[in-house]
Each structure stands twice: as C-alpha cells, then as structure tokens.
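Here the structure is laid out as structure tokens; the discussion comes afterwards.
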Amino acid sequence: MRSSRPGRRLALVGCGAIGSLVASLLEKRKSSFKVTALFDVNVEAAQQLSKKLKSHPVVCKELRQVFPKCDWVLEAASVKAALVTAEASLKNRKPIIMMSTGAFLLNQKKLTQLAQKQTTKLYLPSGALCGLDGVKAARQIGSIESISITSTKPPKGFFGAPGLTAKQKGKLEKSKSAFYLYQGGVKGAIQRFPANVNVAATTAIASQMPGRLKVRVVADPTATLNQHEIRVVGQFGELMTVTRNRPSTMNPKTSALAIQSALALFERLENYVEVGS
Ligand SMILES: NC(=O)c1ccc[n+]([C@@H]2O[C@H](COP(=O)([O-])OP(=O)(O)OC[C@H]3O[C@@H](n4cnc5c(N)ncnc54)[C@H](O)[C@@H]3O)[C@@H](O)[C@H]2O)c1
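Under the numbering used here, the first residue of the sequence shown is numbered 126, with each subsequent residue one higher.
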C-alpha cells in the first residue's frame, strides 16, 4: 500500500515527548518520511535525539536553517512557537503538521490565507481526541445546536499552566476530589491552559463554530488517565465520545494517543488507500 515518492525529508520543531517518539517510530517503521533536521530551543534535546536516530539529522541553531533541509515540517513545540513555525514553513512552501492546534485557532484567518497564497497545506491531527470525523460530518447539512468538550486530567497534568490562580495552585496540591479549573469559551481556555486544551481547539476548528463551543477543564486527583468527552447535538442527531488516554511517560500533559495520532497522519500521507473522513 505504501508509496515511495520523493520529497519526504522531515524537519522536527520541538524534540520533546511527541517529536522524539514520532521520529524514533517513523525510523523503526521504515517510513518513507526521513527526519533530516531538528530544531529545539533546548539544543541538548535536539542533540540527544539526533544521536539516537540512525539518520543523524542535522541540529539547527535557528528555525530558518531547517527549511533548506526539509520538504515537510512537524511542529511539536508549544502554542507560542507554533505560529512562528507555521508562518515560516508556509512562506518556504513546506507543508506543516501542527500539533499545537491552539495556535492555529488563535490565528486561523491569517494562517489559512497564507496557506492558500502559498498553495501549501497545513495539517491539524486529531491528537488526543476521537470523534472529529463525526463533528465534521455533523456540520455538513443542518445546524449544530450545541457542542461541548470536557477535559479531565490528574492534577500534575496542570502544573505550570499560565492561567492557574493562586487558589487553584493550592487546590492542585491538596484537593482530594475533582474540581473545575475552567468553564468558558475556547480562546480563553487556550490562553489559560495552552498545553492542555489543544483538543478543544481542534474540536472548535473541526466544528467551524468556535464561538459556540463550551469548554470545561477539570482536575481530578482520583484520575489516572487523561479524559476528553465531546457532546454535540444538532439536526443530524446526537454524538458523544469519551477518550481515556494514558499520559505520555515523558510529559504528563500529553496523551500517548496524541503521539500515535501524528504517526497515523504520516501513515495516511504515505498510503494510496485512505479510511475515514
Ligand atoms: N493536538 C493535540 O491533541 C495535542 C496533544 C498533546 C500535546 N499537544 C501539543 O503539542 C506540543 C508538543 O507537545 P509535547 O508533549 O511534545 O511537549 P514537550 O514539552 O514534551 O516538548 C516540547 C519541546 O519543544 C521545545 N520548544 C519549546 N519552545 C520551542 C520553540 N520556540 N522552538 C523550538 N522548540 C521549542 C521544548 O524545548 C521541548 O523540547 C505542545 O504544544 C502540546 O501542547 C497537542
């Protein structure tokens, strides 16, 4: 089923939990995508990954250095880094896979126009979430009446979030029962919990109704898994999905399924037969 088309040199921007595991597994699977360049603000993370990979990708000291060395870019850094990375990739006509989907939602118009102008694609993987195929189908005919996402994680998954109040920080350490950290719109959620609500951003983008999406973020000291629950009601009927993800061992904010979702996207790009909408 696999093609052996040229033009599969891949640059990674961000060599943390997602970047490093995706790179290792692409190599293990003998994917036609070859990691040829790495960029990370933590140069040591990029150097360590380069040593681990058989392809020994070049470690770049600046973002702009990756573009002559790649045909594709995988952004797996942060919401803050993702806008700059996406703009530079599109300007260099390199298709980009963006894991930090919150950055896309906050800059949707600008990035969509740039992708169109440069005739270069921008991919937003499903990440840690199931059900986006249904959300996209649900809006094809008739209206979506309500849409919500509730993300629940163990407290350590929220440590260091920029939007935590002093009271919430204390509760994360001490509370024995689940409590809401956030209830509101998706843009506020991204600003307060950028590393935790990419799934909400991706849902908002898939629904094309960011203003209607209700986001709830819950810390639960009894939880061992990262859970995301979507509910959609519309003319099509009702849709409910619950995804319970094992957190990545490298980064408890990130679910293992998010890493696997990036791998599934690379598989889709390689295969001649596609399944799912
Ligand atoms: N779409 C989803 O469902 C989903 C799921 C999980 C994580 N994510 C997002 O994917 C991104 C990566 O996640 P992760 O778990 O690999 O994070 P991580 O913290 O394990 O790794 C991020 C790496 O990026 C590097 N980095 C930070 N800023 C950078 C910059 N400006 N330029 C280059 N490198 C930079 C860091 O040094 C680190 O090595 C995060 O933004 C995260 O929120 C998305």
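Ideal Cβ placement from N, Cα and C applies to all residues, glycine included.
Please read these numbers as outputs of a predicted model, since none were measured by experiment.
Any non-hydrogen atom of ligand 1 closer than 7 Å to residue i Cβ
i, result
"N376", "yes"
"I269", "no"
"D165", "yes"
"S225", "yes"
"L254", "yes"
"N396", "no"
"S140", "The question names Ser, yet the displayed sequence has Cys at residue 140. Under cutoff, so the answer is yes."
"V204", "yes"
"N323", "yes"
"T327", "yes"
"A170", "yes"
"P220", "no"
"G144", "yes"
Three-way DSSP call (helix, strand, coil) for residue i in this model
i, result
"F192", "helix"
"K205", "helix"
"L247", "strand"
"S386", "helix"
"S402", "coil"
"S128", "With a pLDDT of only 41 at S128, under 50, the local geometry of the prediction cannot be trusted, and the value read off the model is given with reservation. Looking at S128 - three-state DSSP - the assignment turns out to be coil, as it is neither helix nor strand."
First through last residue of the beta strand (DSSP E) which encompasses residue i
i, result
"V367", "G362 to N370"
"G403", "Here the chain has residues from 126 to 402 only, and residue 403 is not among them."
"L338", "L338 to A344"
Local Cβ density within 10 Å of residue i, reported as buried at 16 or more and exposed below that
i, result
"G241", "A quick correction: the sequence has Gln, not Gly, at residue 241. Label assigned to Q241: exposed."
"V400", "exposed"
"I266", "exposed"
"Q293", "buried"
"S302", "exposed"
"P280", "buried"
"G285", "exposed"
"N167", "exposed"
"S129", "Low per-residue confidence applies at S129: pLDDT is 41, beneath 50, and the placement is therefore not dependable enough to give any value."
"V191", "buried"
Range of the contiguous alpha helix (DSSP H) that encloses residue i
i, result
"S332", "N323 to S332"
Whole alpha helix (DSSP H) elements within the region 260-321, 4-residue minimum:
291-299 and 311-317
For this session: Could you pull out every unbroken beta strand (DSSP E) segment of at least 3 residues lying fully inside the region 133-204, listed in chain order?
Result: 134-138, 159-164 and 197-200
* Go through the region 213-241 residue by residue and report every complete run of the beta strand (DSSP E) that reaches 3 residues or more, in order. => 221-223
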